[in-house]
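All letters in the sequence shown, in the order written, are residues 82 to 178 by the numbering used here. Beta carbons: idealized from backbone N, C-alpha and C, even for Gly. Reading through the C-alpha coordinates given below for one structure.
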Amino acid sequence: VKAGGDRQELHEAIRVHSMAAGAVVKGEGKPNDLMERIAKDPLFAAVHAKLDTLIEPSLFVGRAPEQCDEFIQEEVDPILEANKALLEQKSVDAVNV
(Lines of atoms letter the chains of each structure in order from A; the text may use other names.)
(Lines give C-alpha, C1' and ligand atoms only; values in the text may rest on other atoms or scores of the structure.)
Protein backbone atom coordinates (compact mmCIF):
# COMPACT_ATOMS: atom_id res chain seq x y z
CA VAL A 82 0.00 0.00 0.00
CA LYS A 83 2.87 2.38 0.80
CA ALA A 84 4.31 1.71 -2.66
CA GLY A 85 1.00 2.55 -4.26
CA GLY A 86 -2.22 0.62 -4.67
CA ASP A 87 -5.62 0.31 -3.11
CA ARG A 88 -5.48 -1.40 0.29
CA GLN A 89 -8.70 -3.36 -0.17
CA GLU A 90 -7.81 -4.44 -3.70
CA LEU A 91 -4.35 -5.62 -2.62
CA HIS A 92 -5.65 -7.42 0.45
CA GLU A 93 -8.28 -9.17 -1.67
CA ALA A 94 -5.60 -10.20 -4.18
CA ILE A 95 -3.48 -11.62 -1.36
CA ARG A 96 -6.52 -13.48 0.00
CA VAL A 97 -7.31 -14.97 -3.42
CA HIS A 98 -3.69 -16.00 -3.99
CA SER A 99 -3.49 -17.42 -0.48
CA MET A 100 -6.62 -19.52 -0.93
CA ALA A 101 -5.38 -20.83 -4.29
CA ALA A 102 -1.92 -21.64 -2.91
CA GLY A 103 -3.50 -23.36 0.10
CA ALA A 104 -5.69 -25.45 -2.18
CA VAL A 105 -2.61 -26.63 -4.09
CA VAL A 106 -0.82 -27.53 -0.86
CA LYS A 107 -3.80 -29.32 0.69
CA GLY A 108 -5.28 -30.86 -2.44
CA GLU A 109 -2.20 -31.76 -4.42
CA GLY A 110 0.50 -31.97 -1.76
CA LYS A 111 2.65 -29.49 -3.63
CA PRO A 112 4.81 -26.77 -2.01
CA ASN A 113 3.27 -23.44 -1.08
CA ASP A 114 3.68 -21.10 -4.06
CA LEU A 115 2.06 -18.00 -2.56
CA MET A 116 5.08 -15.76 -3.03
CA GLU A 117 5.52 -16.89 -6.64
CA ARG A 118 1.86 -16.03 -7.31
CA ILE A 119 2.29 -12.57 -5.80
CA ALA A 120 5.54 -12.05 -7.71
CA LYS A 121 3.72 -12.73 -10.99
CA ASP A 122 0.72 -10.52 -10.18
CA PRO A 123 0.90 -7.08 -11.86
CA LEU A 124 -0.98 -5.56 -8.91
CA PHE A 125 2.21 -6.01 -6.90
CA ALA A 126 4.62 -4.76 -9.58
CA ALA A 127 5.75 -1.86 -7.38
CA VAL A 128 7.20 -4.29 -4.82
CA HIS A 129 8.28 -7.25 -6.98
CA ALA A 130 11.96 -6.34 -6.54
CA LYS A 131 11.56 -6.01 -2.76
CA LEU A 132 9.44 -9.08 -1.97
CA ASP A 133 12.27 -10.99 -0.30
CA THR A 134 13.04 -8.13 2.08
CA LEU A 135 9.36 -7.41 2.76
CA ILE A 136 8.76 -10.94 4.04
CA GLU A 137 11.85 -11.07 6.27
CA PRO A 138 10.56 -12.89 9.41
CA SER A 139 12.45 -10.60 11.80
CA LEU A 140 10.16 -7.76 10.70
CA PHE A 141 7.18 -9.52 12.26
CA VAL A 142 8.36 -10.47 15.76
CA GLY A 143 7.43 -7.21 17.45
CA ARG A 144 8.65 -7.04 21.05
CA ALA A 145 9.14 -10.80 21.39
CA PRO A 146 12.96 -10.60 21.80
CA GLU A 147 12.69 -7.96 24.51
CA GLN A 148 9.83 -9.81 26.21
CA CYS A 149 11.90 -13.00 26.32
CA ASP A 150 14.84 -11.13 27.85
CA GLU A 151 12.55 -9.52 30.44
CA PHE A 152 10.96 -12.88 31.31
CA ILE A 153 14.34 -14.52 31.79
CA GLN A 154 15.60 -11.65 33.96
CA GLU A 155 12.44 -11.30 36.05
CA GLU A 156 11.24 -14.90 36.32
CA VAL A 157 13.90 -17.46 35.39
CA ASP A 158 17.08 -15.88 36.77
CA PRO A 159 15.69 -15.50 40.32
CA ILE A 160 14.68 -19.19 40.39
CA LEU A 161 18.08 -20.26 39.10
CA GLU A 162 19.80 -18.08 41.70
CA ALA A 163 17.60 -19.44 44.50
CA ASN A 164 18.48 -23.00 43.46
CA LYS A 165 22.13 -22.38 42.65
CA ALA A 166 23.35 -24.99 45.13
CA LEU A 167 21.19 -27.67 43.57
CA LEU A 168 22.42 -26.80 40.11
CA GLU A 169 26.05 -27.06 41.21
CA GLN A 170 25.65 -30.60 42.61
CA LYS A 171 27.48 -33.26 40.69
CA SER A 172 25.21 -35.89 39.24
CA VAL A 173 25.46 -39.47 40.35
CA ASP A 174 25.40 -41.97 37.54
CA ALA A 175 24.77 -45.01 39.75
CA VAL A 176 21.44 -46.43 40.80
CA ASN A 177 21.20 -47.84 44.34
CA VAL A 178 18.59 -50.57 44.81
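Judged by DSSP in its simplified three-state form, Glu137 adopts coil rather than helix or strand. When rounded, the separation of the alpha-carbon atoms in Pro112 and Ala104 is 11 Å. Under a 10 Å Cβ-count criterion, Phe125 is classified as buried, with 16 or more other Cβ atoms of the shown protein chains found around its own Cβ. Cα atoms of Pro123 and Ala94: separation of roughly 11 Å, rounded to the nearest angstrom. Here Pro146 carries a helix assignment [DSSP, helix/strand/coil]. A straight-line Cα-Cα distance of about 6 Å links His129 and Ala120.
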